[in-house]
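Visitor: In our numbering, the protein residues as written are 56 to 238.
Have a look at this one.
Take a look at the structure:
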């Protein structure tokens, strides 16, 4: 793929990954070794549980713009568990961050293409509660009535929310996984 910005986005390629706070995995995305050219394949990377360095940021590399949760600086006690990496090939006027307040588990971005707009939510769903689902529903409802910036507007949501939890009782350890489709 060309390294030049694409003003007429026709296809959107998204990678979703949970890094489990791994510095090695975060650096692998940032450094893009010879056999790992994610920026040649993907426009967006939705990252759950990124590695956060000592100054509160992630390693992003020079081919990505990092979108942090809206409340990154106002809720410093809470860990950042969701970020979106936007490929720098996308023109900056082709996307905007969607404000999602009162959580650092959700990051959202609106992408504009030739076929309309799409809202992308990167959600870390904590196994101990479902607050992230409530925050994402509230934000979606607030943005649903907005006036489209383009003549045509596509509003579809694909994907799944997956929670994995580890329950320990005595000497036994049980892993549970649940998954459900987004409405």
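Don't be surprised by glycine CBs; every beta carbon is placed ideally from N, CA and C.
Note down the Cα distance separating residue 168 from residue 67, rounded to an integer number of angstroms.
Guide: In the chain shown, residue 168 corresponds to position 113, counting from 1. In the chain shown, residue 67 corresponds to position 12, counting from 1. Computed Cα separation, rounded: 9 Å.
Visitor: Check whether the segment 161-177 touches the segment 130-145, counting contact only when three or more Cβ pairs, one atom from each stretch, lie closer than 8 Å.
Guide: Result yes; three or more Cβ-Cβ pairs closer than 8 Å.
Visitor: Can you give me the Cβ contacts of residue 154 inside the same chain, cut-off strictly under 6 Å, excluding the 5 residues immediately before and after it?
Guide: Position 99 of the chain shown, counted from the start, is the residue given in the question as residue 154. Hits under 6 Å: 125.
Visitor: Could you check which residue in 179, 197, 188 has the C-alpha nearest to that of residue 73?
Guide: The residue labelled residue 73 in the question sits at position 18 within the chain shown. Minimum Cα distance to residue 73 is reached at 179.
Visitor: May I ask which residues mark the beginning and end of the alpha helix (DSSP H) holding residue 77?
Guide: Locating residue 77 in the chain shown gives position 22, counting from the first residue. Unbroken run through residue 77: none, as it is neither H nor E.
Visitor: Could you compute how far the alpha carbon of residue 116 sits from the alpha carbon of residue 176?
Guide: What you label residue 116 is simply residue 61 of the chain shown in a count that begins at 1. What you label residue 176 is simply residue 121 of the chain shown in a count that begins at 1. Their Cα atoms are separated by approximately 22 Å.
Visitor: State the beta-bridge partners of residue 166 as determined by DSSP.
Guide: Your numbering for residue 166 matches position 111 in the chain shown. DSSP, once it has assigned bridges, lists 150, 173 as partnering residue 166.
Visitor: Return the first residue and the last residue of the beta strand (DSSP E) that residue 121 is part of.
Guide: Here residue 121 is taken as the residue at index 66 of the chain shown, counted from 1. Note, residue 121: beta strand (DSSP E), 119-122.
Visitor: Got a sec, what are the start and stop residues for the alpha helix (DSSP H) residue 140 sits in?
Guide: Locating residue 140 in the chain shown gives position 85, where the first residue counts as 1. No alpha helix (DSSP H) holds residue 140; the beta strand (DSSP E) holding it covers 137-142.
Visitor: In whole angstroms, give me the CA-to-CA distance for residue 83 and residue 92.
Guide: Residue numbering aside, residue 83 sits at position 28 when the chain shown is read from its first letter. Residue numbering aside, residue 92 sits at position 37 when the chain shown is read from its first letter. The straight-line gap from Cα to Cα measures roughly 10 Å.
Visitor: Just to check my reading of the structure: residue 114 and residue 81 have Cβ atoms closer than 8 Å, yes? What is that Cβ distance to the nearest angstrom?
Guide: Within the chain shown, numbered from 1, the residue matching residue 114 stands at position 59. Within the chain shown, numbered from 1, the residue matching residue 81 stands at position 26. The Cβ separation is near 5 Å, so the contact holds.
Visitor: Quick check: what's the CA-CA separation for residue 105 versus residue 112?
Guide: One-based indexing of the chain shown puts residue 105 at position 50. One-based indexing of the chain shown puts residue 112 at position 57. When rounded, the distance between both Cα atoms is 9 Å.
Visitor: Judging by CA-CA distance, which residue of 150, 157, 110 is the nearest neighbour of residue 133?
Guide: Within the chain shown, residue 133 is the residue found at index 78, counting from 1. Checking every option, the nearest Cα to that of residue 133 belongs to 157.
Visitor: Thinking C-alpha only, which one of 98, 118, 75, 131 is nearest residue 110?
Guide: By 1-based counting over the chain shown, the position of residue 110 is 55. Residue 131 is the option with its Cα nearest to residue 110.
Visitor: So if DSSP puts residue 81 in a beta bridge, which residue, or which two residues, is it bridged to?
Guide: Taking the chain shown and counting its residues from 1, one reaches residue 81 at position 26. Beta-bridge pairing links residue 81 to no other residue.
Visitor: I need the straight-line Cα distance from residue 147 to residue 88, nearest angstrom please.
Guide: The residue given as residue 147 occupies position 92 in the chain shown. The residue given as residue 88 occupies position 33 in the chain shown. Near 25 Å, if we compare the C-alpha coordinates of residue 88 and residue 147.
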